[in-house]
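To keep things clear, I will list the structure first and then write my remarks on it.
Below, the structure is given as structure tokens:
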């Protein structure tokens with residue numbers, strides 16, 4: 006069975022999903038009062054011993070390489086989508102499917 010993780014990118018940091026051990030399956034953008042706050046990426050895990058790199062965007066900090074084993078894993082994309090759509094509660098907050 007496949008396993009999936011949810012990663013995010015904000016104005017402050019970027020989670021690098023261009024990784025041969027991950028396959029980005031879907032992306033969602035989260036808007037709060039009309040301003041994009043986060044991009045969520047659902048990634049299928051191809052290699053359970055890979056690492057995820059987080060890079061500073063608006064803040065300067067060294068790249069952080071984190072083992073994938075510390076990220077919560079989901080067995081289905083639907084489980085992750087349920088978590089994402091919990092943010093879509095009223096007209097001030099909105100989730101938009103990108104791909």
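Residue numbers (my numbering): 6 to 104. Cβ coordinates follow ideal geometry from the N, Cα and C atoms, glycine included.
Next item on the list: Could you round the C-beta distance between residue 14 and residue 43 to whole angstroms and report it? I think they count as a contact, below 8 Å.
Entry: Start at 1 with the first residue of the chain shown, and residue 14 comes out as number 9. Start at 1 with the first residue of the chain shown, and residue 43 comes out as number 38. Right, their Cβ atoms sit about 7 Å apart.
Checklist line | Three-state class that DSSP yields for residue 34 in the structure shown | finding: One-based indexing of the chain shown puts residue 34 at position 29. DSSP places residue 34 in strand when its eight states are reduced to three.
Next item on the list: Note the first and the last residue of the continuous beta strand (DSSP E) segment covering residue 100.
Entry: The sequence position of residue 100 within the chain shown is 95, counting from 1. Its beta strand (DSSP E) spans residues 98-102.
Next item on the list: Mind reading off the beta-carbon distance from residue 73 to residue 57? Whole number of angstroms is fine, and I expect it under 8 Å.
Entry: In the chain shown, residue 73 corresponds to position 68, counting from 1. In the chain shown, residue 57 corresponds to position 52, counting from 1. The Cβ separation is near 6 Å, so the contact holds.
Next item on the list: Apply the 10 Å Cβ neighbour rule to residue 27 and answer buried if 16 or more other Cβ atoms are within range, or exposed otherwise.
Entry: Within the chain shown, numbered from 1, the residue matching residue 27 stands at position 22. Label assigned to residue 27: buried.
Note to self: Could you check whether residue 101 and residue 60 sit closer than 8 Å to each other, using their CB atoms as the reference points?
What the structure shows: Here residue 60 corresponds to residue number 55 of the chain shown, with the count starting at 1. Here residue 101 corresponds to residue number 96 of the chain shown, with the count starting at 1. No; because the gap between Cβ atoms is not below 8 Å, this pair is not in contact.
Note to self: If I follow the unbroken beta strand (DSSP E) through residue 85, where does it start and stop?
What the structure shows: Counted from its first residue, the chain shown places residue 85 at position 80. Not the beta strand (DSSP E): residue 85 falls in the alpha helix (DSSP H), residues 82-90.
Next item on the list: Give the secondary structure of residue 42 by DSSP, where H, G and I count as helix, E and B as strand, and everything else as coil.
Entry: Here residue 42 refers to the residue found at position 37 of the chain shown. Three-state DSSP puts residue 42 in a strand.
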